[in-house]
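Numbers given in our numbering equal positions in the sequence shown, counted from 1, plus 65.
Cβ atoms here follow ideal geometry from the backbone N, Cα and C, with glycine treated the same way.
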Amino acid sequence: MNENSEEKPGQFGARSEPWEERSTAIVRFWCSDGACWGVPFSQVVGTHYDPEQQRLLIECSIGTIVVIGPKAWDFYDAFCNQKATLIKADGEEILTVTMALRGDGSAT
């Protein structure tokens with residue numbers, strides 16, 4: 066266990082593995098066009114949820130991810146807690162997932 070780790074020894078019981086399991090630092094977005102985008106949580110600049118449109122906008126360094134559907138809020142809640150690490154439209158609860166790349170081509 067790393068000396069700088071936040072967990073206390075024995076918190077997860079006796080383990081002999083040489084690593085610690087943690088949530089992923091990257092969230093994957095399977096877009097409706099079949100493309101998959103991976104975005105580090107640290108690259109998220111801002112978010113906006115519109116309950117009337119059931120639409121979530123996630124602004125990141127390369128563009129804006131748009132999630133639309135009745136369960137967009139539930140995804141947003143899990144995303145904010147870094148528990149949701151993958152999303153894909155199912156046509157019912159999540160209708161579409163799209164990526165709108167920055168118009169100027171920058172990825173900063």
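Can you find the residues in the same chain that come closer than 8 Å, C-beta to C-beta, to residue 91, ignoring five residues on each side of it along the sequence?
Here the question's residue 91 lines up with position 26 in the sequence shown. Only 103, 104, 105, 106, 150 meet the Cβ criterion.
I believe residue 128 touches residue 165 by the beta-carbon criterion, under 8 Å. Please report the beta-carbon distance rounded to the nearest angstrom.
The residue given as residue 128 occupies position 63 in the sequence shown. The residue given as residue 165 occupies position 100 in the sequence shown. The pair is a contact, with the Cβ atoms about 5 Å apart (cut-off 8 Å).
Helix, strand or coil, according to DSSP, for residue 101 in the structure here?
Counted from its first residue, the sequence shown places residue 101 at position 36. In this structure, residue 101 counts as strand in the three-state DSSP scheme.
Coarse secondary structure for residue 139, derived from DSSP in three states:
Residue numbering aside, residue 139 sits at position 74 when the sequence shown is read from its first letter. It is helical.
Quick one, are the C-beta atoms of residue 160 and residue 141 less than 8 Å apart?
Along the sequence shown, read from residue 1 onward, the residue named residue 160 stands at position 95. Along the sequence shown, read from residue 1 onward, the residue named residue 141 stands at position 76. The Cβ atoms of residue 160 and residue 141 lie no closer than 8 Å to each other.
On a Cα-Cα basis, can you pick out the residue from 143, 101, 136, 100 that is closest to residue 115?
Taking the sequence shown and counting its residues from 1, the one referred to as residue 115 is at position 50. Sorting 143, 101, 136, 100 by C-alpha distance to the C-alpha of residue 115 places 136 at the top.
Using the DSSP secondary-structure output, state which residues sit across from residue 125 in a beta bridge.
Position 60 of the sequence shown, counted from the first residue, corresponds to residue 125. Within the DSSP bridge table, the entry for residue 125 names 109, 128 as partners.
Do you know offhand how far residue 86's Cα is from residue 96's?
In the sequence shown, residue 86 corresponds to position 21, counting from 1. In the sequence shown, residue 96 corresponds to position 31, counting from 1. Low confidence applies to residue 86: its pLDDT is 45, below 50, so where it sits in the model is not reliable, and the reading given next is rough at best. Here the alpha carbons of residue 96 and residue 86 stand approximately 28 Å from one another.
Assuming contact is defined by CB atoms lying nearer than 8 Å, are residue 153 and residue 162 in contact in what I supplied?
What you label residue 153 is simply residue 88 of the sequence shown in a count that begins at 1. What you label residue 162 is simply residue 97 of the sequence shown in a count that begins at 1. The Cβ atoms of residue 153 and residue 162 lie closer than 8 Å to each other.
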